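The structure under discussion appears below in the form of structure tokens.
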Amino acid sequence: MLRRLPVLAGIVAISSLGLVARSDPPKDWPMWGGTPDRNLVSSMKGLPTSWDLKSKKNIKWVAELGSQAYGNPVVSNGVVLVGTNNEAMKDPAVKGDKGVLMAFRESDGQFLWQSVHDKLSAGRANDWPFQGVCSSPLVEDGIVYYVSNRGELMALDIQGFRDNGENDGPFKEEKQTRETDADILWKYDFMEELGVLQHNMANSSPVAFENLIYISTSNGQDESHVNVPSPKSPAIIAVDKTTGKLVWEDASPGDKILHGQWSSPAVGRIGDTVQVVVGQGDGYVRSYEAKTGKKLWEFDLNPKDSVWPKTRNEVISTPVIYENLVYIANGQDPEHGEGVGHLYAIDPTKRGDITQTGRIWHYGDIRRSISTGAIYNGILFYSDFSGFLHAVDVKTGKPFWKHDMFAAIWGSPMVIDGKVYLGDEDGDVTVLNADRTLKVIDESNMGSSVYSTPVPANGALYIVNRNQLFAIAASPTAPAAAGGK
Ligand SMILES: [Ca+2]
Ligand SMILES: [Ca+2]
């Protein structure tokens with residue numbers, strides 16, 4: 006049974022939009038970024054800075070995922086959710102490549118249920134083999150919102166059918182209603198409804214304000230890498246969270262999409278206006294009035310003379326909204342390798358094309374980035390695909406330091422209790438002081454590539470490597486002080 010607490014939900018929404026200080030953050034981690042502003046910061050105390058897979062030091066539990074997992078975990082209502090593929094065969098009757106969203110019990114990692122999506126027949130053009138579900142869900146009021154590999158915005162009951170088999174929502178056509186199956190409330194197929202053709206994969210992580218859910222559609226080029234077959238299909242949509250109906254849409258990038266569109270939106274109140282800010286496939290960041298979808302501003306993250314794909318980039322990072330400014334870098338599909346990047350602080354109170362008027366500062370020492378920023382104590386931490394973590398002054402963009410991880414970074418720096426946690430393609434998770442001087446505290450290896458971002462919830466740290474989900478927590482019995490270290 007779904008708990009509907011509209012009044013309480015409203016309070017949560019307001020507090021997470023920065024009207025209440027972040028001193029007491031939510032214990033759960035219910036969405037990508039933790040809060041709608043997507044700033045990757047938590048004041049949670051007591052998380053370990055090191056752990057060991059072999060001795061199981063500080064490893065609370067491990068859950069097996071598919072063979073690839075690109076979705077970041079979220080934690081809500083005692084459930085950990087993560088997107089992956091079907092290679093773990095949690096249900097032996099479900100065979101072959103599928104997109105899968107898996108739900109595990111937070112306390113002990115027991116597999117609870119999964120939502121399974123057939124692959125699109127178009128194959129890699131719209132639904133890349135074995136990449137699974139790449140969206141990081143949003144959980145609000147016991148409802149799980151995410152984007153499937155089929156270009157659908159899904160709404161599920163977080164309890165699935167573990168609520169005495171109750172089939173919730175208007176959607177009752179589930180093929181299976183066992184305890185391990187997903188209970189769908191509604192779904193909005195934006196490929197079918199809006200003619201969207203996502204390039205390679207639809208991946209957006211939803212965000213909400215009041216009754217609306219916002220996603221990027223990933224609409225993009227076809228396999229020619231020249232044509233945009235659906236230039237009039239939207240880049241961003243707002244869907245009513247109760248009815249699952251489209252409320253507004255915008256297709257500003259049109260036929261100028263350089264490749265795909267894989268940024269996710271952020272929401273924040275700036276002055277009197279609640280804005281939805283998202284990176285788009287023509288290299289611009291755009292903002293929309295949350296209720297109406299009216300376009301407020303656009304900012305080109307590339308120099309005027311830049312040329313795709315050598316010097317002009319798309320936008321894959323998620324914007325961070327912090328103290329009335331927007332922070333975001335540009336970059337390219339990891340398949341395109343390394344290259345020049347740009348990081349900006351943008352003034353979102355300006356209107357129109359604000360590429361000149363809205364530029365607070367530019368940081369040019371960053372390489373192509375698909376990471377999202379973390380702002381803490383006057384410092385913006387931002388990683389790039391070439392393997393550098395940059396610490397810059399959030400007010401000026403002037404660098405404090407740069408740390409070389411010696412491996413590609415797909416995930417993002419996460420600041421927890423004054424420390425930065427960052428994973429890399431070698432599987433190392435490095436922990437550094439979130440300070441103006443560079444200091445590495447610890448490093449632990451996860452056994453395979455960490456493409457995700459470590460996230461905190463209820464006293465534990467959740468990290469996904471290629472095929473496993475780890476819950477990491479300080480263990481009172483762990484030999485932490487052994488050897489007099
Ligand atoms: Ca149910
Ligand atoms: Ca249902």
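First residue of the sequence shown? That's 6 in the working numbering, and the numbers climb one at a time after it.
Note that the Cβ used here is the ideal one computed from N, Cα and C, for glycine as well.
Predicted model only: the values in this text are computed from it and were never measured.
Exercise. To the nearest whole angstrom, what separates the beta carbons of D33 and S81, a pair I think is in contact under 8 Å?
Worked result: If you number the sequence shown from 1, residue 33 lands on position 28. If you number the sequence shown from 1, residue 81 lands on position 76. With a Cβ gap of about 5 Å, D33 and S81 count as contacting.
Exercise. Should I189 be counted as a contact of ligand 2 given a C-beta to heavy atom distance under 6 Å?
Worked result: Sequence index remark: in the sequence shown, residue 189 carries index 184 (1-based). At least one heavy atom of ligand 2 is nearer than 6 Å to the Cβ of I189, so yes.
Exercise. To which residues of the same chain is I351 closer than 8 Å at the C-beta, ignoring the five residues directly before and after it?
Worked result: In the sequence shown, residue 351 corresponds to position 346, counting from 1. So the qualifying residues of the chain are V290, F304, L330, V331, Y332, I333, I359, G363, R364, I365.
Exercise. With DSSP run on the structure shown, which of helix, strand or coil describes F411?
Worked result: For the purposes of this step, residue 411 is taken as the residue at position 406 of the sequence shown. Coil, per DSSP.
Exercise. Using the C-alpha atoms, what's the distance from R356 back to E343?
Worked result: As a first step, residue 343 is located in the sequence shown; it is residue number 338 there, counting from the start. As a first step, residue 356 is located in the sequence shown; it is residue number 351 there, counting from the start. The alpha-carbon atoms of E343 and R356 are separated by roughly 33 Å.
Exercise. So does F166 have its beta carbon nearer than 6 Å to some heavy atom of ligand 2?
Worked result: Translated into positions along the sequence shown, residue 166 becomes position 161. For ligand 2, not one heavy atom lies less than 6 Å from the Cβ of F166.
Exercise. Quick one: what does DSSP say G128 is sitting in, helix, strand or coil?
Worked result: For the purposes of this step, residue 128 is taken as residue 123 along the sequence shown, with counting starting at 1. Three-state DSSP puts G128 in a helix.
Exercise. Which word fits F390, buried or exposed, when buried means at least 16 other C-beta atoms lie within 10 angstroms of its C-beta?
Worked result: Position 385 of the sequence shown, counted from the start, is the residue given in the question as residue 390. F390 should be labelled buried.
Exercise. Would the C-beta of D186 count as close to ligand 1, meaning under 6 Å from any of its heavy atoms?
Worked result: Here residue 186 refers to the residue found at position 181 when the sequence shown is read from its first residue. Flag unset: Cβ of D186 not near ligand 1.
For this session: Mind checking who H122 pairs with in its DSSP beta bridge?
Result: Working through the sequence shown from its first residue, we reach residue 122 at position 117. Paired residues: G104.
For this session: Compute the Euclidean distance between the alpha carbons of Q542 and Q73, then round it to the nearest angstrom.
Result: There is no way to answer for residue 542, as the model of the chain reaches only from 6 to 490.
For this session: Examine ligand 2 and report whether any of its heavy atoms sits within less than 6 Å of the Cβ of D173.
Result: To locate residue 173, count along the sequence shown from 1; it is residue 168. Yes, since a heavy atom of ligand 2 falls inside the 6 Å radius drawn around the Cβ of D173.
Exercise. Hey, G71 and A93: beta-carbon distance below 7 Å or not?
Worked result: As a working note, residue 71 is residue 66 in the sequence shown. As a working note, residue 93 is residue 88 in the sequence shown. Contact: yes.
Exercise. Would you call the stretch 223-242 and the stretch 51-68 touching, i.e. three or more CB-CB distances under 8 Å?
Worked result: no
Exercise. Got a sec? Which residues, its chain only, sit under 8 Å from P35 by beta carbon, not counting five neighbours each side?
Worked result: Working through the sequence shown from its first residue, we reach residue 35 at position 30. Here the set comprises V79, V80, S81, L143, V144, E145.
Problem set entry | Range of the contiguous beta strand (DSSP E) that encloses L492 | What is shown of the chain runs 6 to 490, which leaves residue 492 out entirely.
Exercise. Would K100 pass as a contact of Q119 if the rule is Cβ separation under 7 Å?
Worked result: Along the sequence shown, one-based indexing puts residue 100 at 95. Along the sequence shown, one-based indexing puts residue 119 at 114. No, these two residues do not count as a Cβ contact at 7 Å.
For this session: Starting from E198, trace the alpha helix (DSSP H) both ways and give me its first and last residue.
Result: Taking the first residue of the sequence shown as position 1, residue 198 is located at position 193. Residues 195-199.
Exercise. Between H367 and T401, what straight-line distance do the alpha-carbon atoms span, to the nearest angstrom?
Worked result: One-based indexing of the sequence shown puts residue 367 at position 362. One-based indexing of the sequence shown puts residue 401 at position 396. Taking the straight line from one Cα to the other gives about 9 Å.
Exercise. Going by alpha carbons, who is nearest to I220 out of T248, D255, S269, T182?
Worked result: For the purposes of this step, residue 220 is taken as residue 215 along the sequence shown, with counting starting at 1. The residue with the shortest Cα to Cα distance from I220 is S269.
For this session: Please specify which runs of the beta strand (DSSP E), each continuous and at least 3 residues long, are wholly inside the stretch 317-345, giving them in chain order.
Result: 325-327, 330-334
Exercise. DSSP on K424, reduced to helix/strand/coil?
Worked result: The residue you call residue 424 lines up with position 419 of the sequence shown. In this structure, K424 counts as strand in the three-state DSSP scheme.
For this session: Give a yes or no on whether the C-beta atoms belonging to T394 and H408 are separated by under 7 Å.
Result: Mapped onto the sequence shown, residue 394 falls at position 389. Mapped onto the sequence shown, residue 408 falls at position 403. The amino acid at residue 394 is misidentified as Thr; the sequence shows Leu. Contact: yes.
Exercise. Between which two residues does the beta strand (DSSP E) carrying G88 extend?
Worked result: Within the sequence shown, residue 88 is the residue found at index 83, counting from 1. Note, G88: beta strand (DSSP E), 84-90.
For this session: Please specify which runs of the alpha helix (DSSP H), each continuous and at least 4 residues long, are wholly inside the stretch 140-189, giving them in chain order.
Result: none
For this session: Determine, using beta-carbon pairs with one atom in the stretch 240-250 and one in the stretch 116-130, whether at least three such pairs fall under 8 Å.
Result: no
Exercise. With contact counted as at least three CB pairs below 8 Å, one residue from each stretch, are the stretch 172-179 and the stretch 202-209 in contact?
Worked result: no
Exercise. With burial defined as no fewer than 16 other Cβ atoms inside 10 Å of the residue's Cβ, what is the status of N382: buried or exposed?
Worked result: Taking the first residue of the sequence shown as 1, we reach residue 382 at position 377. By the 10 Å Cβ count, N382 comes out exposed.
Exercise. If you draw a straight line from the alpha carbon of P314 to that of L263, how long is it in whole angstroms?
Worked result: To locate residue 314, count along the sequence shown from 1; it is residue 309. To locate residue 263, count along the sequence shown from 1; it is residue 258. Their backbone Cα atoms lie some 8 Å apart in a straight line.
Exercise. With DSSP run on the structure shown, which of helix, strand or coil describes D398?
Worked result: Residue numbering aside, residue 398 sits at position 393 when the sequence shown is read from its first letter. Residue state, collapsed to three classes: strand.
Problem set entry | Assigned secondary structure, K261 (DSSP; H/G/I helix, E/B strand, else coil) | Here residue 261 refers to the residue found at position 256 when the sequence shown is read from its first residue. The answer is helix: DSSP assigns K261 an H, G or I state.
For this session: Using only the heavy atoms of ligand 2, determine whether one of them is closer than 6 Å to the beta carbon of F176.
Result: Translated into the one-based positions of the sequence shown, residue 176 becomes position 171. True, at least one ligand heavy atom lies under 6 Å from that Cβ.
For this session: Taking only heavy atoms of ligand 1 into account, decide whether any of them is closer than 6 Å to the Cβ of D146.
Result: Position 141 of the sequence shown, counted from the first residue, corresponds to residue 146. No.
Exercise. Among A465, V455, K237, R471, which has the Cα closest to the Cα of S480?
Worked result: Your numbering for residue 480 matches position 475 in the sequence shown. Checked all of A465, V455, K237, R471; the closest Cα to S480 is A465.
Exercise. Going by other Cβ atoms of all chains shown within 10 Å of its Cβ, with 16 needed for buried, is S453 buried or exposed?
Worked result: The residue given as residue 453 occupies position 448 in the sequence shown. Counting Cβ neighbours within 10 Å, S453 comes out exposed, since fewer than 16 surround it.
Problem set entry | Among W133, I371, V212, nearest to Y349 - alpha-carbon criterion | Residue 349 sits at position 344 when you count from the first residue of the sequence shown. That would be I371, whose Cα lies nearest to the Cα of Y349.
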